[in-house]
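A short write-up of the structure that comes next.
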Amino acid sequence: MGYRTNAAKLDFSEILSEEVEAELKEAAVVSMGTEVSELDLINIKDLCDQVLSLSEYRAQLYDYLKSRMNTIAPNLTAIVEELVGARLIAHGGVEGCRCGCVLQSCVWC
58 MGYRTNAAKL DFSEILSEEV EAELKEAAVV SMGTEVSELD LINIKDLCDQ
108 VLSLSEYRAQ LYDYLKSRMN TIAPNLTAIV EELVGARLIA HGGVEGCRCG
158 CVLQSCVWC
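Here the sequence shown is numbered in the numbering used here, starting from 58 and rising by one per residue.
Structure below.
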């Protein structure tokens, strides 16, 4: 969006409901706050890019975790899902792993 003066001209319908879009535009028009400096705007945009990049990276990590957990411990993954299963394995370690229990295809035993 950039400066609040741009709010009235932009279409936010793809990311906001009509009501929220109307509230945003109204708030931008009647706001008594100061204008954002050019440097602040650049930093805000950079931070937004970093947040989007981290969000994409998180999705990639989750896909990797799902793949590894389905390979390493498919039964545990089926019972408690990938994230909880990975946390259980990380917390409990692999020393007590017995292939006859939950981790039938465990690669450590």
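From the three backbone atoms N, C-alpha and C, an ideal C-beta is built for every residue, glycine too.
None of these values were measured; they are calculated from a predicted model.
Integer Cβ distance of residue i from residue j, believed to fall under 8 Å
| i | j | result |
| --- | --- | --- |
| Ala116 | Ala85 | With a Cβ gap of about 31 Å, Ala116 and Ala85 do not count as contacting. |
Beta-carbon gap between residue i and residue j smaller than 8 Å
| i | j | result |
| --- | --- | --- |
| Gly142 | Ala130 | yes |
| Tyr60 | Val108 | no |
| Glu10 | Leu122 | Here the chain covers residues 58 to 166 and nothing more, so residue 10 does not appear. |
Cβ shell of residue i (< 7 Å), same chain only, five flanking positions each side left out
| i | result |
| --- | --- |
| Ile72 | none |
| Phe69 | Glu78 and Leu81 |
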